[in-house]
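Under the working numbering, think of the first position of the sequence shown as 6, with each following residue one higher. Heads up, the beta-carbon is just placed ideally off N, CA and C, and yes, glycines get one too. All values derive from a computational prediction rather than experimental measurement. Report on the following structure.
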Amino acid sequence: MSNTFVDQPLASFLEALASGTATPGGGSVAALTGAQAAGLVAMVCNLTIGKKAYAAFEPEAHGLLAQAEALRHQLQAFIQADTDVFNALMAAYRLPKTTDDEIAARKAAVQAATIKATEVPLAMAAAARAVLPLCAPLAQHGNRSAVSDVGAAALAVRAAVPTALLNVDINLAAIEDAEFAAQARAQAIALLSHLDEEVAAVVAIVQSRITG
């Protein structure tokens, strides 16, 4: 049986999440939330494709579906990857530090592992953020009976992105590579830029189609 979270029952993941271990943690939850957002987009696309009422939108729906599925698979992989990089970081901290050589080697290993543990949630946040542009056209033109699920996807993105970026923030404080840290901070700021407004715009479209 696979030891990765994505291949285990959801109940097993939630049990591990609630346990006293450090992993899985917030990063894995962010990845799962983002994957669910992408899954909702894919679901609404599938509920739109093949329906006569939405025939004019079908080519675009196929394109949105392909993008959503690619992002879902990326985000699913991040559920485990976030735990793996955290465990690697903890392993680096456990390296011996008795001699000068050991201290230097441990410091280098910790810095490398911390950078990796920053890159993963940053890429995770980017993948979750990429789900959001798929939502507006689907909310506007997709199957009206499932439009609330598009709104749910947008709100899930709104949760996933800043959640993932919290792991970026906490790791950046320990990184000595100033250039890497500055680039990572700039990427994080860009991912958050206009996020609330874009989510609100999708939700407004959803509400208008529900009530219209």
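Residue nearest to D174 in terms of C-alpha spacing, selected from A130, H199 and D201: Comparing Cα-Cα distances from D174 to each of A130, H199 and D201, the minimum goes to A130.
What do you get for I210, buried or exposed, if any count of 16 or more other CB atoms within 10 angstroms of its CB means buried? Buried.
Expressed to the nearest angstrom, what Euclidean distance is found between the alpha-carbon atoms of V90 and K121? Distance between the alpha carbons of V90 and K121 is about 7 Å.
Report the residue from E203, N172, A205 and F62 whose alpha carbon sits nearest the alpha carbon of T88. Nearest C-alpha to T88: N172.
Cβ atoms of L139 and V166: under 8 Å apart, would you say? Their beta carbons are not under 8 Å apart, which means V166 does not touch L139 by this criterion.
Do A161 and R214 have their CB atoms nearer than 8 Å? Pairing A161 with R214 gives a Cβ-Cβ distance that is not under 8 Å.
Give the C-beta separation of P126 and A27 to the nearest angstrom, bearing in mind that I take them to be a contact with Cβ-Cβ under 8 Å. About 15 Å separates the CB atoms of P126 and A27; that is not less than 8 Å, and the two are not in contact.
Just verifying my parser: in three-state terms, what is the DSSP assignment at A167? Note on residue identity: the sequence assigns Pro, not Ala, to residue 167. Helix at P167.
For a minimum of 4 consecutive residues, which ranges assigned as the alpha helix (DSSP H) are wholly contained in the stretch 104 to 164? Listed in chain order, the complete alpha helix (DSSP H) runs (minimum 4 residues) inside the stretch 104 to 164 are 105 to 134 and 137 to 146.
I need the DSSP call for R99, collapsed to helix, strand or coil. In this structure, R99 counts as coil in the three-state DSSP scheme.
For A73, tell me which candidate among A151, N92, V49 and I194 has the shortest Cα-Cα distance. Comparing Cα positions, the closest option is V49.
For N219, tell me which candidate among L137, L15, A205 and M95 has the shortest Cα-Cα distance. There is no way to answer for residue 219, as the model of the chain reaches only from 6 to 217.
Give the DSSP-derived three-state secondary structure of G217 in the structure shown. G217: coil per DSSP, three-state reduction.
Return the CA-CA distance between L100 and T119, expressed in angstroms with no decimal places. For L100 and T119, the distance between alpha carbons rounds to 14 Å.
Proximity winner among L137, D154 and A97, relative to R111 (alpha-carbon distances): Selected option, being the one with the closest Cα: A97.
What residue range does the alpha helix (DSSP H) around S24 cover? Neither: S24 is in no alpha helix (DSSP H) and is coded neither H nor E.
Does the pairing of the stretch 176 to 189 with the stretch 148 to 158 give three or more beta-carbon distances under 8 Å? Below 8 Å, too few C-beta pairs join the stretch 176 to 189 and the stretch 148 to 158 to call them touching: fewer than three.
Just the C-alpha distance for L19 and Q192, rounded to the nearest angstrom, thanks. If you take the alpha carbons of L19 and Q192, they lie about 30 Å apart.
Is the distance from the Cβ of G39 to the Cβ of L70 below 8 Å? Against a cut-off of 8 Å, the Cβ pair of L70 and G39 comes out as no contact.
With distances taken from CA atoms, which of P29, V204, A75 and T9 is nearest R163? Distances from the alpha-carbon of R163 to those of P29, V204, A75 and T9 put V204 closest.
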